[in-house]
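Numbering (the working numbering), first residue to last: 13 to 474.
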């Protein structure tokens, strides 16, 4: 039996390539060369870029660091130039205050919290216009020292796309595990979304650099449960994300807490005919326009039908969970042309025969990766199943009694080997090494390197 080569977590274009390919770069980009990946290695909240654009709105925001690029725009870390550290009010000062007791209780509840001087009665959604205009989406505009600013090129997106993202984000942002949207600003052909800055990396980088979920199933289950709860909240509000992946999940507190973001591809349509919407690695077969695989029909006898966006989100969540457990995705794309995916459809058990996944986790994956969306597990049932899983991986004695390939995968896949990293590039060829280690070498480099790594046969899974 031919062994499937599984795909790595890295599925996006390198950031510097995304920037270089833009034909309409904003005039306010800092003079510093943003293709320098050393900027991305700076995890501090300092200012690695000396000069940047100052965005005028409910506060003056200085762009200080490039955070990432998506399909339609860029994200920057912005410093609030109007931020003033609030004075500390001691308990003794409050007790000595001559204010009435009713006002004292209010003071105790609010002392030490920064209060913005910008307060508006905002519309539910901002109106685009000529020149510069802005709208706060929370009244008053919350004052923080830093924000994340998503920059959307109005020439690369339609008005409907931008308004849909803003409106859908506003509907669901009341959940603690969803990034907050504070304001929108329109200026010089660009739409800026002022977002909550989550002081941490996205889940993909956290897994690649720190392997944060590799050794603790309790942490893994709790964090994935937060993601599921956030998606469930979105669905109850009638919003379907359609682009669930580790890159769109921000980590707080060293990965113990997460926040879901990027609603650029979200929709309120439950049954959609927009095929191919999302990221290839995480997309369900019906979203890829290959729903015929669930019925065993050839493509010529299948008429594409609208697919359930909620069930597509469930599939995406399954790939995210697989990624958290194994450090890789089960296949490149859930399509007929993908050998690994078709191998799974014919021999589902091989998924567990190749990787150290527990039986309970494997049973859950069978229900998530059901090619038929009508019989695929629902989000409610997925939440219930998570509570019944004690461990997502094989126990040490199960690994010891398993195949050499699983023992090899367990040994290599769950070790943190930071010594192999040098400027995001491989320093020497590696033979007989598992795919997750390729992530450490090529996490900030072109995906073509990873493809070359696989084509040379360095992966030795059973």
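All C-beta atoms, glycine included, are put in the ideal place defined by N, C-alpha and C.
| query | result |
| --- | --- |
| Close-in-space but distant-in-sequence residues of the same chain around residue 373 (CB under 7 Å, 5 per side omitted) | 337, 401, 404 |
| Among 170, 348, 392, the one whose alpha carbon lies nearest that of residue 246 | 392 |
| Boundaries (first-last residue) of the alpha helix (DSSP H) holding residue 409 | 408 to 412 |
| Stretch-stretch touch, CB-based, cutoff 8 Å, three pairs: the segment 285 to 295 with the segment 250 to 263 | yes |
| CB contact flag (residue 261, residue 326, <8 Å) | no |
| Opposing strand residues paired with residue 294 [DSSP bridges] | Its beta-bridge partners do not exist; DSSP assigns none. |
| Residue 87 - partner residues in DSSP beta bridges | 80, 162 |
| Distance between beta carbons of residue 360 and residue 418, contact taken as under 8 Å | 16 Å between Cβ atoms; not a contact. |
| Where residue 371 sits in the DSSP three-state scheme | helix |
| Secondary structure of residue 66, DSSP reduced to three states | strand |
| Distance between beta carbons of residue 280 and residue 250, contact taken as under 8 Å | 5 Å |
| Cβ-based burial, residue 91 [other Cβ within 10 Å; buried from 16] | buried |
| Alpha carbon of residue 345 to alpha carbon of residue 332, nearest angstrom | 14 Å |
| Sequence-distant residues of its chain with Cβ nearer than 8 Å to residue 412 (five each side left out) | 419 |
| 8 Å Cβ cutoff met for residue 166 and residue 203 | yes |
| Sequence-distant residues of its chain with Cβ nearer than 8 Å to residue 84 (five each side left out) | 164, 165, 168, 169, 173, 276 |
| Residue 238 and residue 270 closer than 8 Å at C-beta | yes |
| Length at least 3, wholly inside the segment 222 to 296: the beta strand (DSSP E) runs in chain order | 261 to 264, 269 to 272 |
| Straight-line Cα distance separating residue 304 from residue 410 | 37 Å |
| Straight-line gap, residue 70 to residue 153 (C-alpha atoms, nearest Å) | 7 Å |
| Best match in 236, 160, 157 for proximity to residue 189 [C-alpha to C-alpha] | 236 |
| Close Cβ partners of residue 422 (< 6 Å) along its chain, the five nearest in sequence each way excluded | 368, 411 |
| Contacting residues, own chain, Cβ-Cβ under 6 Å from residue 127 (five flanking each side not counted) | Because the pLDDT at residue 127 is just 33, under 50, the model does not fix this residue reliably, and the value given afterwards should be weighed accordingly. Once the five neighbours on either side are set aside, residue 127 has no close Cβ partner at all. |
| Nearest neighbour of residue 274, chosen from 242, 282, 342, 347 [CA to CA] | 242 |
| Neighbourhood of residue 232 by C-beta, 8 Å cutoff - its chain only, sequence neighbours within 5 removed | 225, 336, 337, 404 |
| Length of the line joining the Cα atoms of residue 398 and residue 199 | 45 Å |
| Backbone CA spacing between residue 385 and residue 378 [nearest angstrom] | 12 Å |
| Contacts around residue 183, its chain only, beta-carbon distance under 7 Å, and the 5 residues preceding and following it disregarded | 249, 251 |
| Nearest candidate by alpha-carbon position, reference residue 308, set 371, 240, 383 | 383 |
| Alpha-carbon to alpha-carbon, residue 217 and residue 158 | 21 Å |
| Buried or exposed by the 16-neighbour rule on C-beta atoms within 10 Å, applied to residue 390 | exposed |
| Assigned secondary structure, residue 377 (DSSP; H/G/I helix, E/B strand, else coil) | helix |
| Chain-order list of residues whose beta-carbon lies under 6 Å from that of residue 185 (same chain, five-residue window excluded) | 192, 193 |
| Counted within 10 angstroms of its Cβ, other Cβ atoms place residue 207 as buried (16 or more) or exposed | buried |
| Own chain, CB closer than 8 Å to residue 240, minus 5 neighbours either side, in chain order | 329, 391, 394, 395, 398 |
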